[in-house]
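Residue numbers (this note's numbering), protein chains in the order written: chain D, 1 to 241; chain S, 1001 to 1278; chain L, 2001 to 2446.
Ideal placement from N, C-alpha and C gives every residue a C-beta, glycine not left out.
Quick caveat, the model's predicted, so the values are computed rather than measured.
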Amino acid sequence: MSSAVSRRVSLVVCLGAVLAPLSVSVAAEPDGRELFIESCASCHGSEGQGTDAGPSIIDAGAAAADFQLRTGRMPLADDGAQAVRKPPAFSPDEIEALTAFVASLGEGPEIPTVDLDGADLSDGQELFVANCAACHGATGSGGAVGAGALAPSLSVADPVEIAEAMLTGPGQMPVFTAIESEDIQDIVAYVVHLREQRAFGGADLGGIGPVPEGFVGLGLGVACLVAISVLLGSKRKRDEA
Amino acid sequence: MKPERVVAVAFAVSIMASMGLVGVYVSGGQAQAEGALLGTALGGLGVGLAVWSVGLLPSRTRSEEREPLSSDDALVDRAEDDLHPSDITRRKALVRLMAGAGGTLAGALAIPALSLGPRPGQDLFTTPWTAGARLVDPEGAPLRPGDLVLDSVTTVYPEGHVGSPDAQTLLIKVDVQDLEMPEDRIAWAPDGCIGYSKICTHAGCPVGLYRAKAHELLCPCHQSTFDVLRGCSVTFGPADRPLPQLPISVDEEGFLIALGDFTEPVGPGFWNMTGGGG
Amino acid sequence: MLRWLDGRLGIAGLARKSLKKVFPDHWSFLLGELALFSFIILLATGVFLTLFYRPDAQLVTYRGPYAPLQGQEVSAAYESVLRISFEVRSGLVMRQIHHWAALVFVGSIVVHMMRVFFTGAFRRPRDVNWVVGVVLLLLGIGAGFTGYSLPDDLLSGTGLRIAYSVLISVPLLGPHLAFLAFGGEFPTEGIISRLFVMHVMLIPALIIGLVSVHLAILWRQKHTQYKGAGRTEGNVVGKAFWPQQVMKSAALLALTAAVLAFMGGLLQINPIWDFGPFDATTVSAPSQPDWYVGWLEGALRLFPPLDLTLFGITIPSPFWPGVVMPGLAFTVMGAWPWIERRVTRDEAEHHLLDDPTDVPIRVGIGVAGLIFFGLLTLAGGNDVLAIMFNASVEQITNVLRIAIFVLPASGGWLAYRIAASLGNNKSNLLGRKRGVKLRRGPTGGF
């Protein structure tokens, strides 16, 4: 595990520890409510009950709010489009406050703690292929899932975000609650491993299988060989003599 | 640079690369170095030969006469006669019988090919699902409706058959209010726990992709799309039949059970699928 | 040495004649050699791989060096390919060269066939060799598909499953055929060893046999040649087999191997450790076959949902794109020399090649065919295209469903027009009458 990852993990572990008591007494946090009314209520309603423009988030929980805000998916850039990762609109403090406020609205999942130290990579690989690869691809490179929706690449998501996504099912993603908590750690560990792993065979060509391989095989391999044939078989000046 | 020199340099480069290749192998091997050195060794050889053939060989153009391919008619006729000697051709009945013997033998010898596989029988029409079989997750744990969260999807099997390729079923939790299906089918989805065969009715891939907000299943192989709320009817792609729905109920201990096998064959179509087999 | 051989075989005369055999000097005659040389490299690397591969579906516990799979139950076949990749020294580079060579092998067959088609080299007396070539293309695709399936990883297992589904769709016979081929209902344990026998014995033996026939016919019939000064239907003008052509071919063999070695070392192909072992209940996306099967995959993706039931007999829709379309395609391809002869009534022998623009209709049909198969191949990657073009898979599919009719027709027509006008210009330059199309005298030459 890289040091950057572990630092962020420990940061979030602390954050989670701080947030747990907060979510009990969150009504006393005026900052969060204010921000929510200002930036979220127009779609989600003043109490998170939802409007025509946006779904209810009463039971979304801290995990969903933290995921959506920290990855910049919320607030949406434009209506209707799939929420995509962009720079967060709020500072970390504001996100903390907003998350605490959303958590206070109902009963949703808390921000998970991720500790990759004891994770079982092999278990993670098996679960990843069984549950995640159908949309995100075997190498986590992302993919088209129909109706214009994209399963994003997992190459930039940090470990806590990955865990949050599994618990809350953002966008078109299903919720994976049947998977137990240690399994989630294992999957996250495998995703982190995937992107740190060297491509043993050389350039990885995007890690999306035979399509780029075919383009390279024909566009580079066969094209090179045809070019060599042309050079080798073309007439020389000397031949004319 | 004179061609001789180019050829000499190319061969020398090739020799060095080959020696390097041996070195890499002996010191433990490394795929990228091996490929690059092997490529260089072969490339040096190839460039050397190419320059040699283009630059150093006499380039005299030759012409060769092309004798007619076909022989003259009389010769062909004589060959035809040789091929059909009259002492064989006039025994027509024997020739036919010989052909018959050969053909029958060939047929008899082809019969063992049937050992390659069993007769399909009922295999394509049945799965391990039986009435009362509990739905278990990939770990083998039985499930209660309350274990499932809205918008979650789990692959389930009949108890005792975890991993069964033809029993694999997707158990999806939806809001019962949202289902737009006949009442008897909604009754198969207690608490909105609805189960569909995971095997695509087009080409048999596991339909592993669930767009939760749209309540649509998508097969990653050929993009057949199924509407979970409407009996998994096809909304896009090459599949023509809905994914078969598993009749589900809850037993007295509160666990999800199957009421029986799927009511139609699962997976890709075959000619007598509507006939119920035989 | 020749004396020694001649003392036993009496071949000095034959040797002299053969060594001086004339090979026409044009790069396009080297394209077939590319296919031959890729095949030689496939044999060489394939023998190496066979020594380590285990065609066995038996489950074993993986204990090799690749951490994410340690402790998992995988098939012995999959385990042995991981061993080749991570533990056998030079195993990975050999495996990757083998896989790249397979892609290039089929690719060079196609390029070679394009040359033969557009120059009319398939006409009598070479119609026989054209058929041999078409069968070789089929065998090449078969060799590729069986090889793709051997590692028993998730991706290849998905390919096998689709092949099973196509087989089972055949009316009346499908279930029996599929059960005979696979040894039962998919997935079966026996299929790996069957594919192995096909991949390392049956298909290579057939390819070697047919390549020999292909070359023997070529040797006997002598090469075709392009039109030009001093070249007639009655001669072959070019360079001697020895030393010029042999040197050139040796150079080409070495350079083909060099390109494939670089690719095998520097470009990762089919990282089966990422896909994981085959499991009948999971699938990853995107999920594609190698490029030369892409047209079949694409046809399956584009074909509309159309299960027909007539008199109680269901014809599942995969039957049309999976069995009928490829059957028709290869029949038309194989019968092309006779189809063309029927239209042109040209029964004569041809040893001088057409300039493609001499027969614009053939150019049009050839281009239309290439566009058709090219589009099908693209359709096989419609989900990858969707990401590339930032469109939905449904849009891409619907566009391709129309394009598959429109583009071959319009592209073929355009190619026909261009070829016709080029042909007219050329004949005008040569001071001859317009209207070259379908002018096919039995004796060519200027």
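- If you draw a straight line from the Cα of S1071/S to the Cα of E1080/S, it is about 13 Å long.
- Take the alpha-carbon of F2052/L and the one of I2084/L: they are about 7 Å apart.
- Annotation: Cβ neighbours of M173/D in chain S (cutoff 7 Å, chain order): A1212.
- Secondary structure of R33/D (DSSP, three-state): helix.
- Against chain D, the beta carbon of V1153/S has neighbours under 7 Å at P174, listed in chain order.
- Within its own chain, the residues whose Cβ lies closer than 6 Å to the Cβ of I1186/S, once the five positions on either side in sequence are excluded, are L1179, listed in chain order.
- DSSP places E164/D inside the alpha helix (DSSP H), whose first and last residues are 159–168.
- Within the same chain, G2322, P2326 come within 7 Å of L2296/L by CB-CB distance, once the 5 residues on both sides are set aside.
- The Cβ atoms of Q185/D and L116/D lie closer than 8 Å to each other.
- Taking P2024/L as reference, the option from I2361/L, V2246/L, I2365/L with the minimal CA-CA separation is V2246/L.
- For the region 39–73 of chain D, the beta-carbon criterion of a distance under 8 Å to any beta-carbon of chain S is satisfied by none of its residues.
- Cβ atoms of P112/D and A63/D come within 8 Å of each other, at about 6 Å.
- If you draw a straight line from the Cα of C224/D to the Cα of I2011/L, it comes to about 39 Å.
- The beta-carbon distance between K2248/L and L231/D, rounded to whole angstroms, is 11 Å. This is too long to meet the 8 Å contact definition.
- Per the coordinates, the alpha-carbon of L2031/L lies some 40 Å from the alpha-carbon of F2179/L.
- A2077/L is the residue among A2077/L, L2069/L, W2336/L, N2390/L whose C-alpha sits nearest the C-alpha of L2049/L.
- Remark: fewer than three beta-carbon pairs, one from each stretch, lie closer than 8 Å, so the region 2152–2170 of chain L and the region 2122–2131 of chain L are not flagged as touching.
- Residue pairing by DSSP places Y1157/S opposite V1136/S in a beta bridge.
- Not a single C-beta of chain D is nearer than 8 Å to the C-beta of V1250/S.
- For P210/D, the chain L residues whose C-beta falls within less than 7 Å of its own C-beta are Q2288, P2289, D2290, W2291, listed in chain order.
- The beta carbons of Q2058/L and L205/D sit about 32 Å from each other, so the pair does not count as a contact at 8 Å.
- When secondary structure is reduced to three states using DSSP, N2235/L falls in the strand class.
- At a cut-off of 8 Å between beta carbons, Q2244/L contacts chain S.
- Note on geometry: alpha-carbon atoms of V1009/S and G1039/S lie some 16 Å from one another.
- Of the candidates I2040/L, V2367/L, W2242/L, the residue whose Cα lies closest to the Cα of W2413/L is V2367/L.
- Cβ neighbours of V226/D within its own chain (closer than 6 Å, five residues either side excluded): none.
- Near chain L, meaning a CB-to-CB distance below 7 Å, no residue of the region 155–173 of chain D qualifies.
- Cα atoms of L2210/L and L2202/L: separation of roughly 12 Å, rounded to the nearest angstrom.
- Secondary structure note for S2212/L: its alpha helix (DSSP H) is the uninterrupted segment 2203–2221.
- Exclusion of the five residues before and after G1195/S leaves T1169, L1171, L1246, I1248 as the residues of its chain whose Cβ lies within less than 6 Å of its Cβ.
- Contact of L1075/S with chain L by beta-carbon distance below 7 Å is absent, the smallest such distance being about 17 Å.
- Bounds of the beta strand (DSSP E) holding K1173/S are 1169–1173.
- Close partners of V1149/S in chain D (Cβ separation under 7 Å): V175, T177.
- The residues G1044, in chain order, have a CB closer than 6 Å to that of V1013/S in the same chain once the five nearest residues on each side in sequence are set aside.
- Measuring C-alpha to C-alpha distances from E1139/S to each of E126/D, D78/D, A138/D identifies E126/D as the nearest.
- Per DSSP, the beta bridge partners of C1193/S are K1173/S.
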